[in-house]
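Residue numbers (the numbering used here): 137 to 305.
This is the structure in structure tokens:
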């Protein structure tokens, strides 16, 4: 009788106390699945960076992550990886929704209203890109997000610390 590779049946005659049924063997985690020291250190650095960032810096970081996600969606689109494309578009949409939710309409005035409309448009474009399989719409959202990211980065670098339309500023 043979057993799968994940079990072990002791059969040595010198082990009378050994069980007669297969014993499950726990295999070690593959090395590739374990976090490396570098990955652990990078995660600590990222957590520290997020914990000490101003609201304006957090907005820029969110734009950076969103642009990375949108570029991954675009690459997946070209590679015809539908599942990856959909996943990345969904993530980017969640980030846009977070940016939209962070708008302070009470203090932001017309700028907050315009950003809200722009974020809404970006969300619709992403949904249309996915539904109609139109990569140009993803490219358009990448261009808009890139310009907005650069504008927010200039405001933050200018010493404002936070955008006038972000909550908590």
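Note that CB positions come from ideal geometry on N, CA and C, so glycine has one too.
> Contact between the region 193-212 and the region 282-293: three or more CB pairs below 8 Å?
Replying inline: Three or more beta-carbon pairs drawn from the region 193-212 and the region 282-293 are found closer than 8 Å, and the two stretches are therefore classed as touching.
> Apart from the five residues on each side of it in sequence, which residues of its chain come closer than 7 Å, Cβ to Cβ, to residue 209?
Replying inline: Working through the chain shown from its first residue, we reach residue 209 at position 73. These residues qualify, in order along the chain: 221, 224, 225, 228, 274.
> Closest by CA to residue 279, which one among 261, 266, 268?
Replying inline: The residue labelled residue 279 in the question sits at position 143 within the chain shown. Considering only alpha carbons, the answer is 261.
> In angstroms, rounded to a whole number, what distance separates the CA positions of residue 245 and residue 206?
Replying inline: Here the question's residue 245 lines up with position 109 in the chain shown. Here the question's residue 206 lines up with position 70 in the chain shown. Answer to the nearest angstrom: the Cα atoms are 29 Å apart.
> Between the beta-carbon of residue 277 and the beta-carbon of residue 287, is there less than 9 Å?
Replying inline: As a working mapping, residue 277 is identified with position 141 in the chain shown. As a working mapping, residue 287 is identified with position 151 in the chain shown. The answer is no: Cβ separation not under 9 Å.
> In or out: residue 284 buried (at least 16 other Cβ within 10 Å) or exposed?
Replying inline: Numbered from 1 along the chain shown, position 148 holds the residue referred to as residue 284. That one is buried.
> Taking the alpha-carbon positions, what's the residue 202 to residue 248 distance?
Replying inline: On the chain shown, position 66 is the one that residue 202 refers to. On the chain shown, position 112 is the one that residue 248 refers to. Cα to Cα, residue 202 sits roughly 19 Å from residue 248.
>> For residue 255, which residues in the same chain have their Cβ closer than 7 Å to its Cβ, ignoring the five residues on either side in sequence?
In response: In the chain shown, residue 255 corresponds to position 119, counting from 1. Cβ within range, chain order: 232, 235, 236.
> Which value, in whole angstroms, describes the spacing of the CA atoms of residue 268 and residue 230?
Replying inline: The residue given as residue 268 occupies position 132 in the chain shown. The residue given as residue 230 occupies position 94 in the chain shown. In a straight line, the C-alpha of residue 268 is about 20 Å away from that of residue 230.
>> Taking the alpha helix (DSSP H) that residue 245 belongs to, which residues open and close that run?
In response: The residue given as residue 245 occupies position 109 in the chain shown. It spans 241-268 - the alpha helix (DSSP H) in which residue 245 sits, taken as one unbroken run.
> From residue 243 to residue 188, what does the alpha carbon distance come to, in whole angstroms?
Replying inline: Taking the chain shown and counting its residues from 1, one reaches residue 243 at position 107. Taking the chain shown and counting its residues from 1, one reaches residue 188 at position 52. Each residue's alpha carbon lies about 24 Å from the other.
> Can residue 281 and residue 199 be called in contact, C-beta distance under 9 Å?
Replying inline: As a first step, residue 281 is located in the chain shown; it is residue number 145 there, counting from the start. As a first step, residue 199 is located in the chain shown; it is residue number 63 there, counting from the start. The answer is yes: Cβ separation under 9 Å.
> What are the boundary residues of the alpha helix (DSSP H) that includes residue 294?
Replying inline: For this step, residue 294 is matched to residue 158 along the chain shown. Counting along the chain, residue 294 falls outside any alpha helix (DSSP H), and DSSP gives it neither H nor E.
> Shorter than 9 Å from the beta carbon of residue 281 to some beta carbon of chain D?
Replying inline: The chain inventory of the structure shown lacks chain D, comprising one protein chain alone.
>> At the level of alpha carbons, what is the spacing between residue 211 and residue 257?
In response: Numbered from its first residue, the chain shown carries residue 211 at position 75. Numbered from its first residue, the chain shown carries residue 257 at position 121. Going by the C-alpha atoms only, they are around 22 Å apart.
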